[in-house]
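Novice: Here's a structure for you.
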DNA sequence: AATCCCGACATTTTT
DNA sequence: TGTCGGGATT
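Numbering (the UniProt record's numbering), first residue to last: 1 to 806.
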């Protein structure tokens, strides 16, 4: 009955298989014995415990290629799941590379979510959805919940909708539907959680929409209640592979277990020591329990590290050994030389940033006895994103190019979401959430009152909002400017939709090009569309007044937003039509900004997982900040252990030079606080650590505290000196000579950039906005910013206001 | 309907 | 110290 076997056949791989079967497999030769075992153990459950930098992706991709080449599996029989699109993409690329051709034919290599979308589109009707359901992001989700909370007459001051969103997400992570919610959860969200959850799910079905959690939840539900469907996929996916298994939540675990129950050929790759997503539902228990869940599992440990020096590995091992209940791994390396992990304390956070700035500068030039590094080789990894500020400020001042990884993603930006709402409304007029989003953006004089009228009319007639608006207009239920503008908007939407008609119908027919049970696809001929979808997108943004809105906006962000809109339109070119684009975007939230020039990276420890850098700075190792107080308060010992794993992840990112630092004083929410060195510093192995002394007056910024005599700083000193971390630092420090005086930093002075400007000129800066030049000093300009106040900034980060695109 | 001002508040984040 | 959301104001 299934038509998959025929339709998904993959010719390329079988050709490759034949070609390679003739020779012994050369791709196996570069593997170490453990990797090789992981690659060749194909049948039965396998747990690959892969420590940081042990060639996990290599093993995983080679394993896929091996299965294909030996004819064990066809590409469409392998289910390979990752968490991020980036990981999926990389795997696809590497498999393709090993195969010597693009791995186009691996239809089931993707993220949990993207694979679930595919599955759910095929079986949507089993959970009451249509197969063209839309996927809501967290923003849509929150607005929906707000409406429900409001309708329930709940004081959203005491019980914010945000909290409800969190509760519901948690439930979904645990695969709890409204029907199988444990009794213990009844009290959630002031006792109204369960009822609101039920309402929310019902509303989603009404809207023919799902949130991210639903993608898994619905598929698990289908598997649990429809044996035939499950059996079909169990048969189909003969080999299952899972990356980052330590990050799976209960829903994902159930999903995998259900699918693997047939052939039991499941290979999970992960590292319990790198489980850092417990706070969003990941269960380390999943990986710890693997052997119990899958009896007879082969457990393979990848412990040979190809990334870091022995000192760095020793430091990481020493820290992580403080955790209980590990599966246990000991990283080792053939490398014999390398720098020790460097540890340094500073007087305060600003000095820490200043020191790192100078250090980066020096290392870039290859001074300090180290080889010269590119800025691209260096990264600063922080615990919390607010710590990035100190570095950004410092780097802007000294003209050090940097890039921030993470942060708001392209498709989460307001202007992008607005634009997308327009596109959504044009392709599916019944999209109420999109309608709500843009009905008064740009301002059309349609405030709360007018929008309520539309809502009521729509509800009374049981139609989508846009139809409600039509009726309201026809009944003359709205007057004045609002009525005229609303009329124009609806007229516009109709017109834009008509321009896309041909495309729409074609898309609906070959959606996913899957027809089950012998259904026939009927091809219909269409004339050429009246304009390309790219032109259409431009027309929509233009005629709706949306572009104009930002062109007239004088805030410093406006030019950037217009720039983003341009980029959005450019991104459209890669798709056949608007619909296809929207589908893609709802799942791919990547921010692949084209990077120019060498830059040092700043990111959170979480964002750094999976990355590596020759030079890594780990600032802010202070108790309360790292480990974070909140984590310890909320999760106690378990929290500390997750923080410790974060420390482990941080250290193991470094290949050659790893520098840990802390500050004795730090401004927290504007208040100065004295800080104690992190407990993790005590867990570093002395023999592998070199303690540096910061430059500055009286032989060290941190120690120089003594010259200050205010009560506050004495208290600070007392605290700091009493901490075990500090005592140890002192002893070690005394044993070693202080570091040589710093060589002069050699920032290139760019006088040309300065000469382009003059006193009193109005200029623009990416981060600080507009301001007037009030001073010139070397290659720096002193600027009185309208929003940010007076600052000295390197001239090349400044543009004259004439240059700013409006 | 839009703007302004005040108080509460403050990890980590992918899909 | 900054941001965001709500209530009061224009």
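The beta-carbon is built from N, C-alpha and C at its ideal position, and this holds for glycine as well.
Just to confirm the assignment, what range does the beta strand (DSSP E) spanning residue 618 have?
Specialist: It spans 613-618 - the beta strand (DSSP E) in which residue 618 sits, taken as one unbroken run.
Novice: Contact check, residue 49 vs residue 300 under 8 Å by CB: the rounded distance?
Specialist: Rounded, the Cβ-Cβ distance is 7 Å, consistent with contact.
Novice: So, at 6 Å on beta carbons, what are the nonlocal neighbours of residue 149 in its own chain, with the 5 sequence-adjacent residues on each side left out?
Specialist: Contacts found: 156, 161.
Novice: Can you have a look at residue 34 and say buried or exposed, based on whether 16 or more other CB atoms are within 10 angstroms of its CB?
Specialist: Result: buried.
Novice: If contact is defined by three or more beta carbon pairs under 8 Å, each pair taking one atom from either stretch, is the segment 206-218 in contact with the segment 101-120?
Specialist: They touch, by the three-pair rule.
Novice: Does DSSP classify residue 132 as helix, strand or coil?
Specialist: It is coil, neither helix nor strand.
Novice: Which parts of the segment 22-52 are runs of the beta strand (DSSP E), unbroken and 3 residues or longer, counting only runs that do not cross its ends?
Specialist: Whole beta strand (DSSP E) segments, 3+ residues: 46-50.
Novice: Identify whether residue 866 lies in helix, strand or coil by the three-state DSSP scheme.
Specialist: What is shown of the chain runs 1 to 806, which leaves residue 866 out entirely.
Novice: Using three-state DSSP, classify residue 238 as helix, strand or coil.
Specialist: Note: residue 238 maps to coil in three-state DSSP.
Novice: Name the DSSP beta bridge partners of residue 433, please?
Specialist: Answer is none; residue 433 lacks a bridge partner.
Novice: Could you tell me how far apart the beta carbons of residue 52 and residue 274 are, in whole angstroms, since I believe they sit closer than 8 Å?
Specialist: That belief holds up - the Cβ atoms of residue 52 and residue 274 are roughly 7 Å apart, short of 8 Å.
Novice: Which stretch, first to last residue, makes up the alpha helix (DSSP H) that contains residue 651?
Specialist: Element bounds for residue 651: 629-652.
Novice: Taking C-beta to C-beta, are residue 388 and residue 602 nearer than 8 Å?
Specialist: Result yes, Cβ atoms of residue 388 and residue 602 sit closer than 8 Å.
Novice: For residue 811, report the span of its beta strand (DSSP E) as first-last.
Specialist: One cannot answer for residue 811 here, as it falls past the ends of the chain, which runs 1 to 806.
Novice: What runs of the alpha helix (DSSP H), each 4 residues or longer, lie entirely inside the segment 147-176?
Specialist: You should have 161-173.
Novice: How do the segment 271-287 and the segment 642-650 stand: do at least 3 beta-carbon pairs fall below 8 Å, yes or no?
Specialist: Yes, the segment 271-287 is in contact with the segment 642-650.
Novice: Going by C-alpha to C-alpha distance, which of 403, 70, 348, 570 sits closest to residue 694?
Specialist: With distances taken between Cα atoms, residue 694 lies closest to 348.
Novice: So residue 345 and residue 25 are in contact, right, with Cβ under 8 Å, and what is the actual spacing, rounded?
Specialist: Actually they do not touch by this definition, with Cβ atoms about 52 Å apart.
Novice: Going by other Cβ atoms of all chains shown within 10 Å of its Cβ, with 16 needed for buried, is residue 795 buried or exposed?
Specialist: Residue 795 should be labelled buried.
Novice: How many Å lie between residue 798 and residue 399 at the Cα?
Specialist: So the alpha carbons of these two residues sit roughly 11 Å apart.
Novice: Taking the alpha-carbon positions, what's the residue 793 to residue 391 distance?
Specialist: Distance between the alpha carbons of residue 793 and residue 391: 14 Å.
Novice: Return yes when the Cβ of residue 282 is within less than 8 Å of the Cβ of residue 653, no when it is not.
Specialist: In this structure, residue 282 does not lie closer than 8 Å to residue 653 by Cβ.
Novice: According to DSSP, which residues form a beta bridge with residue 690?
Specialist: BP columns for residue 690 point to 342.
Novice: Closer than 8 Å is the cut-off here; do at least three beta carbon pairs connect the segment 313-333 with the segment 75-88?
Specialist: No: the two stretches stay apart, fewer than three of their Cβ pairs being nearer than 8 Å.
Novice: Between residue 424 and the rest of its own chain, which residues show a CB-CB distance below 7 Å, the 5 nearest in sequence each way excluded?
Specialist: Excluding positions up to five away in sequence, the list reads 431, 434, 582.
Novice: For residue 109, does the three-state DSSP call read helix, strand or coil?
Specialist: The answer is strand: DSSP assigns residue 109 an E or B state.
Novice: Closest by CA to residue 93, which one among 58, 280, 558, 780?
Specialist: The shortest C-alpha separation from residue 93 is found at 58.
Novice: Among 166, 689, 578, 223, whose alpha-carbon lies nearest the alpha-carbon of residue 119?
Specialist: Per the Cα distances, 223.
Novice: Does the count of Cβ pairs from the segment 197-216 and the segment 165-183 closer than 8 Å reach three?
Specialist: Touching, per the Cβ criterion.
Novice: Report yes if the C-beta distance between residue 188 and residue 220 is below 8 Å; otherwise report no.
Specialist: The answer is no: Cβ separation not under 8 Å.
Novice: In the DSSP assignment, the alpha helix (DSSP H) including residue 318 goes from what residue to what residue?
Specialist: Residues 310-320.
Novice: Which residues does DSSP pair with residue 675 in a beta bridge?
Specialist: Residue 675 is not bridged to any residue.
Novice: From which residue to which residue does the beta strand (DSSP E) around residue 82 run?
Specialist: It spans 78-82 - the beta strand (DSSP E) in which residue 82 sits, taken as one unbroken run.
Novice: Using alpha carbons as the reference points, say which of 289, 303, 690 lies closest to residue 45.
Specialist: Selected option, being the one with the closest Cα: 289.
Novice: Can you give the Cα-Cα distance for residue 642 and residue 126, rounded to whole angstroms?
Specialist: Answer to the nearest angstrom: the Cα atoms are 39 Å apart.
Novice: Taking DSSP as the reference, what is the three-state secondary structure of residue 621?
Specialist: Looking at residue 621 - three-state DSSP - the assignment turns out to be coil, as it is neither helix nor strand.
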